[in-house]
Every structure is written in C-alpha cells, then in structure tokens.
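Report on one structure; see the data block that follows.
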Amino acid sequence: MLNKTHKSYTVKEATVKLMQFCAYRDRSHKEVEEKLKEMNMIPAAQEQIIIKLMQENFLNEERFARSFVRGKFRIKKWGRIKIKQELKLKDISSPIIKIALTEIDKDDYLSTLHEVAEKKSKLIKESNPFKKKKKLADHLLRRGYEASLVYEITDNYIS
C-alpha cells in the first residue's frame with residue numbers, strides 16, 4: 001500500500017498530541033520538530049505549537065538535557081564524552097550541555113568507571129596482559145570515558 005494517507009491535525013489537536021508526547025518523557029526541541037514534521041504541520045503552526053509547549057513548560061531544553069545525562073550515566077553507565085556527543089546530535093547547545101553534565105557527581109563518576117572496568121576485565125579472555133589492557137581501555141573509551149582516566153585506571157584491572 002504505497003499511497004499512505006496522512007491524518008491532518010488542527011493546531012489545537014496537534015498541540016494536545018504534542019503535550020502528551022512531551023509529558024510521557026522529556027523531549028528535545030529536535031524531537032518535537034521531527035514529530036511536527038511527521039504530522040505534516042506547516043512551519044507557522046510548528047512554531048506556534050513549540051512556543052505554546054515552552055510556555056506551558058512541556059518543552060524545556062535544560063530539563064531534557066539534565067534528565068538525559070542522569071539516565072545515560074546511571075542506567076547505561078556512559079562516560080561524559082559519549083553523553084556530550086549524543087546531546088550534540090540532538091542539537092542541544094554547548095552551554096546547556098555544560099549545565100546538564102553537572103548532574104554527574106565526580107565521586108559517582110569515578111566509582112562507575114571502576115565498576116565498568118572491573119566487570120569488563122573479568123569478561124576479557126586474553127592471557128597477554130598488554131592485549132588485555134588494550135581491550136579494556138578500548139571498551140572504556142567506547143563507553144565515553146576520558147582517555148586520561150581510562151589509562152590511569154586500566155593497570156588496576158590487569159592481572
């Protein structure tokens with residue numbers, strides 16, 4: 001069925017739909033804009049709806065960024081670099097990214113890095129300590145941890 005028919009929305013209907021979309025979880029402006037484009041809303045209507053969502057506090061870029069940072073760090077155990085890259089992909093501004101990264105406590109960050117390193121080091125089946133260290137370091141770098149921290153701690157987990 002190639003000929004898809006799109007439902008058309010009034011500004012009011014679209015606003016209500018987007019309020020529900022934003023209430024489910026915090027969203028970035030980019031996600032809201034994409035949703036409005038999917039709904040075939042004209043640019044003037046998109047702008048009107050986005051302004052309304054911001055006024056009613058359904059759309060708040062800083063709140064979204066803070067929540068994103070907390071989730072990716074606590075649940076996925078990502079490092080600051082990967083979190084920052086993902087936020088940039090979502091068109092979050094650098095000042096807001098900087099503010100959002102303050103959600104990560106320094107001590108929690110280091111203990112999480114050690115936890116991830118310890119868990120991974122136990123899974124690496126490699127007898128050569130240099131290769132094992134490289135595999136562990138590569139894994140931690142892919143997770144978005146800073147190279148200086150990674151290379152500082154990898155020796156602790158290679159036996």
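When you line the sequence shown up against full-length UniProt numbering, it's residues 1 to 159, in that order. Beta carbons are placed, not taken as given, at the ideal position from N, Cα and C, and that holds for glycine.
Using a Cβ distance threshold of 8 Å, I81 and L113 do not count as a contacting pair. Judged by DSSP in its simplified three-state form, F58 adopts coil rather than helix or strand.
Going by beta carbons, M41 and Y9 fall inside the 8 Å limit. 8 Å or more divides the Cβ of A23 from the Cβ of A65. Linking Q46 to H139 through their CA atoms gives a straight-line distance of about 41 Å.
Judged by beta-carbon spacing, K120 lies beyond the 8 Å limit of I158, meaning their Cβ atoms are not closer than that value.
Counting the other Cβ atoms within 10 Å of the Cβ of R27 gives 16 or more, which makes it buried.
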